[in-house]
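Asks: Pasting a structure below so you can have a look.
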Amino acid sequence: MDTRETILNLLLKDGPLAATDLAIRLSMSAAGVRRQLDLLEGEGFITATEARQSKVRGRGRPAKKFILTAKGREQFGHGYDELAVNALRALRKSGGEDAIMVFARERIEEILHSVEKQTATEGAVSAEEVEELAQKLAEELTHHGYAAEVQENSKGVQLCTHHCPISEVASEFPELCAAEGEIISRILGQHVQPLATIADGNGICTTNIPITPIDRRSNA
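Each number in the working numbering comes from the position in the sequence shown (counting from 1) with 1433 added on.
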């Protein structure tokens, strides 16, 4: 595997990543990595995004990190997609749309189970705790191939995923995306707003999370 392929693989698995992160992993100079990134960006395989810095670092220019574009993701193929689509078509034929939704919920529940276990306490949840939960969701989703991060906006935060391992399947079965939003909302204990999905042709899946204190006892 050459350097370009290695960079694409690292961005697929762990992106978004900065040039300095890639330099450490590849045991290369940052300048050498940046040359490769410039070439990949010029060819449309990757794009740069400014990552939100930790508050403890104070003010300063946001760190530039790189993610795969749709063209970049296509380089990895989706050989398993046809099998998955055929299986879900058979499930829909035998069990209807409800069966697809049950499957979709169970799938994302299994992925986010460890985070949901941490929300089993009763009582008020502060805005800070909602954001912390969103960060944990991003970490768990990234662990499962979604390359997720949390970004701040004027009214809360957004959960952004730069890669979707099931995008080709979800384009025919939007229940997969709907279930993800439903379970994320349940874990956070509040309404969330899906804004864009890779399955619909967007470059990033974006879910808006308004930051408001929630009392979980009201849902009991």
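The beta-carbon is built from N, C-alpha and C at its ideal position, and this holds for glycine as well.
Spatial neighbours of isoleucine 1631 within its chain, please: CB distance less than 6 Å, with the 5 preceding and 5 following residues excluded, ordered by chain position.
Replies: The residue labelled residue 1631 in the question sits at position 198 within the sequence shown. Excluding positions up to five away in sequence, the list reads Cys1597, Ser1600 and Cys1638.
Asks: CB alanine 1452 to CB arginine 1467, shorter than 8 Å?
Replies: Stepping through the sequence shown from its first residue, residue 1452 is reached at position 19. Stepping through the sequence shown from its first residue, residue 1467 is reached at position 34. Closer than 8 Å, so yes.
Asks: Over what stretch of residues does the beta strand (DSSP E) that includes glutamate 1582 continue unbroken?
Replies: Stepping through the sequence shown from its first residue, residue 1582 is reached at position 149. Start and end: 1581-1586.
Asks: Taking only three categories from DSSP, how would you classify cysteine 1593?
Replies: For the purposes of this step, residue 1593 is taken as the residue at position 160 of the sequence shown. The answer is strand: DSSP assigns cysteine 1593 an E or B state.
Asks: Nearest-angstrom Cα distance between arginine 1525 and alanine 1532?
Replies: Within the sequence shown, residue 1525 is the residue found at index 92, counting from 1. Within the sequence shown, residue 1532 is the residue found at index 99, counting from 1. Going from the Cα of arginine 1525 to the Cα of alanine 1532 covers about 6 Å.
Asks: Got a sec, what are the start and stop residues for the alpha helix (DSSP H) glutamine 1469 sits in?
Replies: The residue you call residue 1469 lines up with position 36 of the sequence shown. That run of the alpha helix (DSSP H) goes 1463-1475.
Asks: Could you have a look at threonine 1482 and say whether DSSP puts it in helix, strand or coil?
Replies: Position 49 of the sequence shown, counted from the start, is the residue given in the question as residue 1482. Correct three-state label for threonine 1482: strand.
Asks: Pick helix, strand or coil for arginine 1490, following the three-state DSSP scheme.
Replies: Here residue 1490 refers to the residue found at position 57 of the sequence shown. Unreliable positioning characterises arginine 1490 in this predicted model, as indicated by a pLDDT of 46, which lies under 50. A coordinate reading is not provided.
Asks: On the premise that glycine 1475 lies in contact with lysine 1504, defined as a C-beta separation below 8 Å, what is that separation, rounded to the nearest angstrom?
Replies: Here residue 1504 is taken as the residue at index 71 of the sequence shown, counted from 1. Here residue 1475 is taken as the residue at index 42 of the sequence shown, counted from 1. In fact, because the Cβ distance is near 12 Å, the residues do not count as touching under 8 Å.
Asks: Tell me whether threonine 1640 is buried or exposed, calling it buried when 16 or more other Cβ atoms sit within 10 Å of its Cβ.
Replies: Here residue 1640 corresponds to residue number 207 of the sequence shown, with the count starting at 1. Buried: at least 16 other Cβ atoms inside 10 Å.
Asks: By how many angstroms is the C-alpha of proline 1607 removed from the C-alpha of valine 1518?
Replies: By one-based count along the sequence shown, residue 1518 stands at place 85. By one-based count along the sequence shown, residue 1607 stands at place 174. So the two alpha carbons sit approximately 12 Å from each other.
Asks: Put phenylalanine 1509 into one of helix, strand or coil per three-state DSSP.
Replies: Your numbering for residue 1509 matches position 76 in the sequence shown. Phenylalanine 1509 falls in the coil class under three-state DSSP.
Asks: Looking at the unbroken beta strand (DSSP E) that takes in phenylalanine 1499, where does it start and where does it end?
Replies: One-based indexing of the sequence shown puts residue 1499 at position 66. Element bounds for phenylalanine 1499: 1496-1501.
Asks: Indicate the three-state DSSP secondary structure (helix, strand or coil) for threonine 1436 in the structure shown.
Replies: Translated into positions along the sequence shown, residue 1436 becomes position 3. Here threonine 1436 sits in helix by DSSP.
Asks: Could you name the residues of the same chain whose beta carbon sits closer than 6 Å to that of valine 1602, not counting the 5 residues immediately before and after it, in chain order?
Replies: On the sequence shown, position 169 is the one that residue 1602 refers to. Once the five neighbours on either side are set aside, the close Cβ partners of valine 1602 are Asp1514, Ala1517 and Val1518.
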